[in-house]
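Take the position in the sequence shown, starting the count at 1, then add 8; the result is the number in the working numbering. Just so it is clear, CB atoms sit at the ideal spot from N, CA and C, and this is done for glycine as well. Quick caveat, the model's predicted, so the values are computed rather than measured. Reviewing the structure listed below.
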Amino acid sequence: MPNILGSSGTSTFMEALAANGTTNIQTSVTGVAATKRRFIDDRRDQPFDKRLRFSVRQTESAYRYRDIVVRKQDGFTHILLSTKSSENNSLNPEVMKEVQSALNTAAADDSKLVLFSAVGSIFCCGLDFIYFIRRLTDDRKKESTKMAEAIRNFVNTFIQFKKPIIVAVNGPAIGLGASILPLCDVVWANEKAWFQTPYTTFGQSPDGCSSLTFPRIMGLASANEMLFSGRKLTAQEACAKGLVSQVFWPGTFTQEVMVRIKELVTCHSVVLEESKALVRNIMKVDLEVANEKECEVLKKIWGSAQGMDSMLKYLQNRIDEF
Numbered sequence: 009m010p011n012i013l014g015s016s017g018t019s020t021f022m023e024a025l026a027a028n029g030t031t032n033i034q035t036s037v038t039g040v041a042a043t044k045r046r047f048i049d050d051r052r053d054q055p056f057d058k059r060l061r062f063s064v065r066q067t068e069s070a071y072r073y074r075d076i077v078v079r080k081q082d083g084f085t086h087i088l089l090s091t092k093s094s095e096n097n098s099l100n101p102e103v104m105k106e107v108q109s110a111l112n113t114a115a116a117d118d119s120k121l122v123l124f125s126a127v128g129s130i131f132c133c134g135l136d137f138i139y140f141i142r143r144l145t146d147d148r149k150k151e152s153t154k155m156a157e158a159i160r161n162f163v164n165t166f167i168q169f170k171k172p173i174i175v176a177v178n179g180p181a182i183g184l185g186a187s188i189l190p191l192c193d194v195v196w197a198n199e200k201a202w203f204q205t206p207y208t209t210f211g212q213s214p215d216g217c218s219s220l221t222f223p224r225i226m227g228l229a230s231a232n233e234m235l236f237s238g239r240k241l242t243a244q245e246a247c248a249k250g251l252v253s254q255v256f257w258p259g260t261f262t263q264e265v266m267v268r269i270k271e272l273v274t275c276h277s278v279v280l281e282e283s284k285a286l287v288r289n290i291m292k293v294d295l296e297v298a299n300e301k302e303c304e305v306l307k308k309i310w311g312s313a314q315g316m317d318s319m320l321k322y323l324q325n326r327i328d329e330f
């Protein structure tokens, strides 16, 4: 198995960066990830099979998207992460724009709600650091600003969405993949799912309004434990702390989700939207302010040499874990 540390302890990523070889970085990261990734698709347990991508494109408008699958169903829109431009359903600006586009379409059509989930064994691994690092080597300040703006717009789309967003978390939710969950309205999790926001580990500050929502949901001490030390929560722990609404057994996860979705879409659309407005509108301005502040801090951190070094070190550790 490849050793990602040289004999002197210097990261091969850092060596590639020093040689100004962004291709070398991509090759090193992708090669090691392919060899060491532990997440193997088990079709028996997967709630949303990859074959959906092909069947949906034959009958609906999902052909417009590369990194997501969209299913327009009776009463709701189903958006699934199924990324081709990133590993492990991670988020880069292209993926985020596609999710935003699908949400904007659902906001304007006759969908009563949105079901948000993912294809495969992973829900979302947060930001696509390989994508980001390759671009940081060209113009750190410019690319940091672009990525922060992409996150700001992505998160604001969730904040401003008027219809209920239901999330079915089928596997690990990391970083931004976990922090956006409180911006949604109901979160159902597979027993195998887990949740982690290891921001300090890779030298990043909180995103997705988690600096505001996590303390309000789970209390300051538990929130700090997740945001500062990157504590990993099981699905049951996340449910106990209020991050998840209910946890379902893997073998019946899809059925449990769909039964409840069908119950929700029997409600009148006005009732659903007005009920959400009563719950959400009081926090809307606070969330927008938090999102703005978080993105400003991210730009500052990412624009520094220390920020890039921390991301590279984190990426090594994540490849080792997966």
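- DSSP places W202 within a strand segment (E or B) once states are collapsed to three.
- Between the alpha carbons of Q81 and M155 lies a gap of roughly 33 Å.
- Non-local beta-carbon contacts of P258 in its own chain, meaning distances under 7 Å to residues more than five positions away in sequence, involve D53, N198, E199, K200 in chain order.
- Taking the Cα of K321 as reference, the smallest distance to any Cα among P223, P206, K292 is reached at P206.
- Counting only the Cα atoms, E233 lies some 27 Å from I141.
- Considered as a whole, the segment 132-159 harbours 137-144 as its complete alpha helix (DSSP H) runs of no fewer than 4 residues, in chain order.
- Less than 8 Å divides the Cβ of F162 from the Cβ of V107.
- No Cβ-Cβ contact shorter than 8 Å links S109 with E102.
- Judged by DSSP secondary structure, I76 falls within the beta strand (DSSP E) whose first and last residues are 76-81.
- Less than 8 Å divides the Cβ of L306 from the Cβ of S213.
- In the DSSP assignment, S125 falls outside any alpha helix (DSSP H) and lies within the beta strand (DSSP E) extending over 121-126.
- The three-state secondary structure of I188, taken from DSSP, is coil.
- Counted as a single uninterrupted DSSP element, the stretch harbouring Q244 is not any beta strand (DSSP E) but the alpha helix (DSSP H) occupying residues 243-248.
- Closest in C-alpha terms to V252, from the list V273, F203, S230, comes F203.
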